[in-house]
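Each residue of the sequence shown is one higher than the one before, starting from -16 at the first, in our numbering.
Worksheet for the structure shown next.
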Amino acid sequence: MPLHLAARAPRWASRAVIAAVGLAAGLTYLSGAALGIGTADRDHIFSPADAPWAQSLLPALETPFAVPWSPSSVAGRGSIAIAKGRRTALRDFAAIAAGFAIVAFGAWLSAAGVPLYSVLFAMLAMGASATFWWRGIYWSADALSPALALLAAWAGGRWLQSPRAIFAIVAVSAAVLALAEDASWLACLPGVALLFWSRVPDRTNRVRTLAAIAVAAASATLPLLARGSQRILPIHGSSLGAAVTSVSREFTPMGALLILIGLVVLWSVPRNRRALAALVAGLIAWFWLVPRSGLEIVSVPLSICGWAAVAVALAWLAQAVRPGAGRALVAVVGVLLIADPGLTRVRLSALGRDRSSEAAARMAYDFKVTDLPSGTAIIAESRRVDATLLLSSQHAGSLALIIPQGLEQVQSLVSRGRQIVAFANGRSHLERMGFLFERGWLGPTAIAVLTGQIPCVALEPGKWPDVSLLVANGSFILHGATPASAPGGVMLRLTDPQPVRFASIEPRSIPFEMGPVVHDAAAGIGDLERAAARAGVPQVVTLRIRETGRRDPITFTFAASPQTVVATADGPSTVTLCPGVARADLTLGRLPTASAALRMNLSPPFGTGWHSPEADPDPFRWTAAPNASLRISMAPPGPVRITVTATPAARATQHPTLGLAINDCQLPIRPMPPGQADYDWDVEQRCWRAGVNQLWLQSSPLVSPAALVGGNDTRLLGARVGAIRLARIPQ
-16 MPLHLAARAP RWASRAVIAA VGLAAGLTYL SGAALGIGTA DRDHIFSPAD APWAQSLLPA
44 LETPFAVPWS PSSVAGRGSI AIAKGRRTAL RDFAAIAAGF AIVAFGAWLS AAGVPLYSVL
104 FAMLAMGASA TFWWRGIYWS ADALSPALAL LAAWAGGRWL QSPRAIFAIV AVSAAVLALA
164 EDASWLACLP GVALLFWSRV PDRTNRVRTL AAIAVAAASA TLPLLARGSQ RILPIHGSSL
224 GAAVTSVSRE FTPMGALLIL IGLVVLWSVP RNRRALAALV AGLIAWFWLV PRSGLEIVSV
284 PLSICGWAAV AVALAWLAQA VRPGAGRALV AVVGVLLIAD PGLTRVRLSA LGRDRSSEAA
344 ARMAYDFKVT DLPSGTAIIA ESRRVDATLL LSSQHAGSLA LIIPQGLEQV QSLVSRGRQI
404 VAFANGRSHL ERMGFLFERG WLGPTAIAVL TGQIPCVALE PGKWPDVSLL VANGSFILHG
464 ATPASAPGGV MLRLTDPQPV RFASIEPRSI PFEMGPVVHD AAAGIGDLER AAARAGVPQV
524 VTLRIRETGR RDPITFTFAA SPQTVVATAD GPSTVTLCPG VARADLTLGR LPTASAALRM
584 NLSPPFGTGW HSPEADPDPF RWTAAPNASL RISMAPPGPV RITVTATPAA RATQHPTLGL
644 AINDCQLPIR PMPPGQADYD WDVEQRCWRA GVNQLWLQSS PLVSPAALVG GNDTRLLGAR
704 VGAIRLARIP Q
């Protein structure tokens, strides 16, 4: 029988192709989930891909974080029952649900008149997107919601074409179930209502349609009532920068351009304008008004509407040029849309599972919330870890208190005296805003305990505050008025006995200027010289980082910590200077019985006024100036006993003395008898500050060994210091 290639393909063929694409997507999700591909791309709540020892925390048929009798929960429990308790049935169900949603998406667009050629590329691109890949490889509480919503859209479109009661019943039923699982579909209802109002000619049917839409909207309250106020953290408000980043990640920049083209094409049809405007307004309003997880900036309705606009744009491209060239152009654009996320999956497949995420999940499962002191809060780490902690704490009967990594939330609990612990991600994020942590253990799990906060400094033009202790860690971080705003420019004047050297700056593309300055003409030098007079450091260097206009914070790191630093804002824009992440130095712990001993051969704590370490056989150092600088960190502040083991270099007839100053507190000066002895000072809480503290060890007089006993040692020596110990004084 001859083949008539120019003839229109039968309807069953297009349906078969759409079904085949959905089947291929489902099989891809199954294989991706089996390999653990995608955890690094988008963290998940719960997955049967987790180890069996972790899954054993759940009852046999539980569907985590779902409304107990939602369609997805019922179907998920049914899949586990059919699989005789095999937990990977939930993962398989997620793949099937996501594949069915892609099939419903293709059927809806095809029924709406979009050419099949464009529909297939849009289906493939949507299936490879971050949203649907994540939903296809991991269980989600609203797994069926996209498929139900798209089924409602398809049935509603068919009802407009041929008003049969069965299509109306299917549309309303599916919409009610979709909204009962995911209230975000409310954003689409204004556009849907205007669309049906303009397309339904009979007034009675219009009223019935609006009533059906109202019933569907009312069903969105069901999940809200069932779940209450419980959310999987971290939850945050909306921000334009986060939205742009997430949209670019979901659709790629080319996809975002195609969405704009598709919207323009739809807007060009007058009868589409009101419904399209209402739809866009609803999606934007939902984004701005409803808080959501930081991992889900792009909602499922926004993702589906965006890929539908891409399909319309591809259809327009195919018609805008000659038929053959148009299809070739659509093929090239479609392949590029699929290639970006597809290559990411291939790379993850080659790398295998996301080891760091698995390690974090194992750490969270090993973490026993019940072992924490009562009232302890846990800083949100990631969606996977937070969900793990919630599940394990529910299983143990003691619900974990998880708070976002936001500045206000953490400060509020700190001010109320709550103990707060964090894991690696939460610690690294909050350290950039001046929060201090120390390492702790809970059973076999390493944690970080929040011990305090160093207040950042808001810089003003023309004012040069001393920020030496903020830069004492060897780095500083620049923010704007808030951590999420663009920092202004900054200028610093620095002194140090050694040349001030640059180590790194992040982001790496940020330019800066650093070099010597002239004392007579440079602003801020008077303040700097007064601040540095005690150290006796003559060298002055200026560092200037101009305003970038970017919202990213700027981290500048020195090769070694400068001794004295003053800073000012370089321009009218707001700039906040925060301390950099602490390096290895002497830190006094938070516990009432905490103690610490300074290693004399450790370089970072020692500033100006010291000779190089020696050993006899234990390490020691000689002071080389009347004021020898030390820097130690502690949080929270409290009374501390400091013990210094020292030997004077001067003879007894010269009346050697040893003194100590801490920040702005001058402590008593002790006479030094001949020989080695311990010298104690009890330092009140008011003398300390959270974070790095400046200590000055004062020795007098300075003598030269060559002048005393002869020889070639012409160094000036004050006191031989063999040990420095700190211990908190119990209150």
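The beta carbon of each residue, even a glycine, is placed where N, CA and C say it ideally should be.
One or two residues paired with residue i in a DSSP bridge
i	result
MET237	None, per the DSSP bridge assignment.
ASN676	ILE615
GLN649	ALA644
SER487	THR540
THR559	ALA441, HIS462
ASN610	GLN681
ASP578	The sequence given here places Ser at residue 578; Asp does not occur at that position. Beta-bridge pairing links SER578 to ALA710.
PHE270	DSSP output for PHE270 lists no bridge partner at all.
ILE63	Looking at the DSSP assignment, ILE63 forms no beta bridge with any residue, so it has no partner.
TYR662	VAL627
ASP449	VAL549
GLY423	ILE430
GLU597	PHE603
PRO654	THR640
Rounded straight-line distance, which links the Cα of residue j to that of residue i
i	j	result
ILE625	PRO562	25 Å
ALA514	CYS648	Annotation note: pLDDT 49 at ALA514 (below 50); position unreliable, no value reported.
VAL627	GLY358	39 Å
THR570	ALA710	11 Å
PRO619	ARG672	8 Å
LEU133	ALA157	8 Å
LEU355	GLY590	39 Å
PRO651	VAL454	28 Å
PRO545	MET655	31 Å
ALA303	PRO494	45 Å
GLN481	VAL523	11 Å
GLY265	TRP168	10 Å
ILE1	TRP271	35 Å
ILE712	HIS462	37 Å
PRO173	ILE196	9 Å
GLN188	GLY380	The sequence shown places Asn at residue 188, rather than the Gln named in the question. Straight-line Cα distance between these residues: approximately 52 Å.
HIS412	LEU262	36 Å
Extent of the continuous beta strand (DSSP E) run through residue i
i	result
ILE712	That residue, ILE712, is in no beta strand (DSSP E); it is neither H nor E in DSSP.
ILE361	360 to 362
ILE385	384 to 386
Own chain partners of residue i with C-beta closer than 6 Å, once the 5 adjacent residues on each side are dropped
i	result
GLU364	PHE406, ASN408, GLY409
THR697	SER687, ALA689
ASN695	none
ARG703	PHE603, TRP605, THR630
ARG653	LEU641, TYR662
ALA431	ALA405, ARG410, PHE420
PRO596	MET583, ASN584, PRO602, ARG604
PHE350	THR428
PRO639	PRO631, ALA633, MET655
Among the options, nearest to residue i - alpha-carbon criterion
i	options	result
ALA161	LEU390, VAL564, VAL198	VAL198
ILE403	ALA629, GLU391, GLU414, ILE385	ILE385
SER53	ILE20, ALA8, SER128, VAL352	SER128
ASN676	LEU452, GLY61, ALA441, TRP290	LEU452
LEU143	LEU169, LEU133, TRP180	TRP180
LEU285	SER231, VAL304, ILE361	SER231
ALA111	THR71, ALA195, THR235	THR235
ALA644	LEU678, LEU613, ILE615	LEU678
SER492	ARG484, THR478, THR538, PRO466	THR538
Spatial neighbours of residue i in its chain, beta-carbon cut-off 7 Å, leaving aside the 5 residues before and after
i	result
VAL4	ILE85, GLY89, LEU103, MET106, LEU107
LEU319	MET237
ARG415	ILE460, PRO536, CYS561
TRP137	ALA87, ALA90, TRP91, ALA94
GLY457	THR540, PHE541, ALA543, SER544, GLY563, ARG566
ARG715	Since the displayed the chain opens at -16 and closes at 714, residue 715 lies outside it and no answer follows.
GLY417	GLN436, ILE437, PRO438, CYS439, CYS561, PRO562
CYS171	LEU262, GLY265, PRO284
The ligand ATP heavy atom lying under 6 Å from the CB of residue i
i	result
LEU13	Looking at this structure, you won't find the ligand ATP or any other ligand, since it has none at all.
Residue i - containing alpha helix (DSSP H), residue span
i	result
PRO631	Where PRO631 is concerned, there is no enclosing alpha helix (DSSP H), although the beta strand (DSSP E) it sits in stretches over 623 to 631.
TRP290	283 to 303
GLY89	71 to 94
ILE493	Here ILE493 belongs to no alpha helix (DSSP H), and DSSP marks it neither H nor E.
Close beta carbons around residue i, own chain, < 8 Å, minus the five adjacent residues each side
i	result
GLU443	THR551, ALA552
HIS739	Lying outside -16 to 714, the shown extent of the chain, residue 739 is not represented and no answer is given.
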